[in-house]
Structure formats: C-alpha cells, structure tokens
Amino acid sequence: MIDILALCQRIGLMFAMMAVGFIMKKIKFGGDKLPAELSNLILYFAQPALIINTYIRAYDPSVIKGAAWVFGISLVYHGIIFALSLCFFKKAPEEKKKVYRYGMLFSNASFLGIPLVQSVAGDIAVLYVCVFVIAFNLYAWSIGCYIYTGDRKYMSVKKMFINPATVPTYIGFIFFFTPLDSVVPSFVTEFLGYLSDLVVPLSMIIVGLRFADLKLRSAFNDKHLPTALALRLLVAPCVIFVLTGILKLCGVVLSNDVAVTLLICSSTPVAVYASMMAEKFGGDAVTAGKYVAVSTLFSLITIPLASLLLLI
Numbered sequence: 506m507i508d509i510l511a512l513c514q515r516i517g518l519m520f521a522m523m524a525v526g527f528i529m530k531k532i533k534f535g536g537d538k539l540p541a542e543l544s545n546l547i548l549y550f551a552q553p554a555l556i557i558n559t560y561i562r563a564y565d566p567s568v569i570k571g572a573a574w575v576f577g578i579s580l581v582y583h584g585i586i587f588a589l590s591l592c593f594f595k596k597a598p599e600e601k602k603k604v605y606r607y608g609m610l611f612s613n614a615s616f617l618g619i620p621l622v623q624s625v626a627g628d629i630a631v632l633y634v635c636v637f638v639i640a641f642n643l644y645a646w647s648i649g650c651y652i653y654t655g656d657r658k659y660m661s662v663k664k665m666f667i668n669p670a671t672v673p674t675y676i677g678f679i680f681f682f683t684p685l686d687s688v689v690p691s692f693v694t695e696f697l698g699y700l701s702d703l704v705v706p707l708s709m710i711i712v713g714l715r716f717a718d719l720k721l722r723s724a725f726n727d728k729h730l731p732t733a734l735a736l737r738l739l740v741a742p743c744v745i746f747v748l749t750g751i752l753k754l755c756g757v758v759l760s761n762d763v764a765v766t767l768l769i770c771s772s773t774p775v776a777v778y779a780s781m782m783a784e785k786f787g788g789d790a791v792t793a794g795k796y797v798a799v800s801t802l803f804s805l806i807t808i809p810l811a812s813l814l815l816l817i
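For the working numbering, count along the sequence shown from 1 and bump the result up by 505.
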C-alpha cells in the first residue's frame, strides 16, 4: 500500500534542507527580512511554476474521477477542520489564536505533500496533490486571510477564485485539457522545472531560519501549543480517515493513489503559509514560525504513524 521507509527517507531529506536555514541564521547569513523575501519568491514565482508544470501533460481521462473525489473530499475536509478550529483556543491571546486556527486548518500539503506523495505513489498522485491544493487555496486566500485580518472583504468569491495560487491552476488546466501540452517548447518546461525545484528547499530553509530563533523550552511554555500540534498532526488525518471510511461504507472504494494523497496531505505539518501570511499581514510571525518549526519537527514521527491508517 505505501512504502513507509521511502516516506521516512524523504522526511529526513526535508530536515536536512531545514538544517541549511538553521545554519544560515546561526552564522548570520542574510538579514532579518530574508524569510519574508524568500516567502514572496515562493508565493509569486516558484509555486505558480510548480502548479503549471504539473499540468503540462497529456490528458488522461482515467485520472479525472480520482481528481474529482480528491477535490470534493478536500473541500469537505477543510470545511470540517475550519469548524473545529472555532471550538478551540478561545482563551488564547488574539494574535496567537489567529496563528493556531490558521495552522490547524492549513497543512503543508503543497510544499511537502508533493515530494512525499511522489516518493511513495508516483507522478499521477502528484497531480492529485495539486487538486487537493486547489481546495486548500480556495480556503487559504479567503477564510485564511480573514482569520489573520478580520477583514470580510477576503470572504468574497473573487478572492477565492482569483489569487496567486488559483490563476496558475487555470493556466495548467488549459494545457491538461487541450493538445497544447504537445507544443510547449522544451525550454519553457525546463524553466518552469527549475523554478518548481525551488519550492521544497526554499520552504524548508524558511522553516530552518525560524527554527534557529526558537527556544524549545520557551515554545512549550505556551500552554496552547501542545493542543495545536495534536490537532494539526493527529486529529486532521483522522478526519480524512473517517471521511474515506464513510465513503467506503456507502460503497465508494477510492484508489490507492487517492487514499495515499489525501492521508499524506492532511498529515503534513503546519503550512509555511502560516508564517508567510503572518509576515504579509503583520501578524504574530514569531508564534507562526514556532508553530511551523515545531510541527515540522514532530511530523518526522507523526506522518509515518498517520500513514499506518492506510493499512487498516
């Protein structure tokens, strides 16, 4: 069903990349604005390139059914997690409450999900990750922005469907659903590929930069952090497990690629977006950095554990 060893090796590679950011910070390489600048590079260049490049492939009708299930389940899953998040952290300071609710809702599916899923399920499953991330982005650029700002203007249909993550998806659809993929010059795909390859290392370097500022003892002085970690790393994948279990009871049997994609995406640590958006909207970037870093650290243990649910 899933190669746990390959998954652990890939997670170890992520931590090696995170160590680069940690060392950079300790030797004072780069200024305090480096995390924000790297975040913008990922948000507006590298990630859009990754999304477009994933869809430049020949149309395959066999994956449409699986993609539809991934998208529908992802929408329902994020809605459930958002509803659950409103039940927690009511007594936390306002700025921390925003960070923990955002982090509970959004996993690092786009940055970590793609390499992890690819290592255990292959390229078709990578396309499913991108579909999962479509629903993720519909929430991230609407409800996610609202969580940080409290501004209802972000709760608009326009913000949901027109943002730096969804526009590249629409461009990708053009290539996937038409024969245009066959006429894309090789230098274009190579260019997009080089930008795509920046997503994982740069996102982990950002985590490492933040982790270098983290004092673990002080981080756990925040009484709300253990709850936030448990909700993100343990409860969230269990929600996916329950949803897919309900579908199975109803006679819907999901393919292995779909099941692996959903479970791994939901079990990844707090999205680097939590820190990026805190930087962007002037939120509590310090707490966000702690939440991202500590959840990433613990995910080395929890992702393999969560993937064992696939064996049930």
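Cβ atoms here follow ideal geometry from the backbone N, Cα and C, with glycine treated the same way.
Here the structure is a predicted model, which is why all the values come from computation and not from measurement.
Using the DSSP secondary-structure output, state which residues sit across from residue i in a beta bridge.
i, result
"VAL662", "In the DSSP output, where bridge partners are listed per residue, VAL662 has none listed."
"SER612", "VAL775"
Around the C-beta of residue i, are 16 or more other C-beta atoms found within 10 angstroms, so that it is buried, or is it exposed?
i, result
"VAL757", "exposed"
"VAL799", "buried"
"CYS592", "exposed"
"PRO684", "exposed"
"TYR564", "exposed"
"ILE751", "exposed"
"ALA521", "exposed"
"GLY618", "buried"
"ALA554", "buried"
"ILE556", "buried"
"SER780", "buried"
Tell me which residue opens and which closes the alpha helix (DSSP H) that residue i is part of.
i, result
"CYS592", "Where CYS592 is concerned, there is no enclosing alpha helix (DSSP H), given that its DSSP letter is neither H nor E."
"ALA452", "Nothing can be reported for residue 452, as the shown portion of the chain is limited to 506 through 817."
"ASP628", "628 to 644"
"ILE528", "509 to 531"
"PHE681", "671 to 682"
"ILE648", "Looking at the DSSP string, ILE648 is not in any alpha helix (DSSP H), and its letter there is neither H nor E."
"ILE711", "704 to 717"
"GLY698", "691 to 701"
Please determine if the stretch 739 to 757 and the stretch 777 to 786 are in contact, where contact requires at least 3 C-beta pairs separated by less than 8 Å. No: fewer than three Cβ pairs fall under 8 Å.
Determine, using beta-carbon pairs with one atom in the stretch 670 to 683 and one in the stretch 696 to 704, whether at least three such pairs fall under 8 Å. Short answer: they don't touch.
Count the CB pairs spanning the stretch 599 to 606 and the stretch 530 to 548 that are closer than 8 Å, and state whether there are at least three. Remark: fewer than three beta-carbon pairs, one from each stretch, lie closer than 8 Å, so the stretch 599 to 606 and the stretch 530 to 548 are not flagged as touching.
Please list the segments of the beta strand (DSSP E) lying wholly inside the stretch 533 to 608, counting only runs of 3 or more residues, in order along the chain. Entirely contained in the stretch 533 to 608, not one beta strand (DSSP E) run reaches 3 residues.
Of all the alpha helix (DSSP H) runs that stay within the bounds of the stretch 729 to 790, which reach a length of 4 or more residues? If only complete runs of 4 or more residues are kept, the stretch 729 to 790 shows the alpha helix (DSSP H) at 730 to 735, 741 to 754, 761 to 772 and 778 to 786, in order along the chain.
How do the stretch 528 to 536 and the stretch 631 to 649 stand: do at least 3 beta-carbon pairs fall below 8 Å, yes or no? With contact defined as three or more Cβ pairs closer than 8 Å, the stretch 528 to 536 and the stretch 631 to 649 are not in contact.
With a threshold of 8 Å, are at least 3 pairs of Cβ atoms found where one atom belongs to the stretch 628 to 640 and the other to the stretch 572 to 582? In the pairwise beta carbon analysis, the stretch 628 to 640 is classified as touching the stretch 572 to 582: at least three pairs are separated by under 8 Å.
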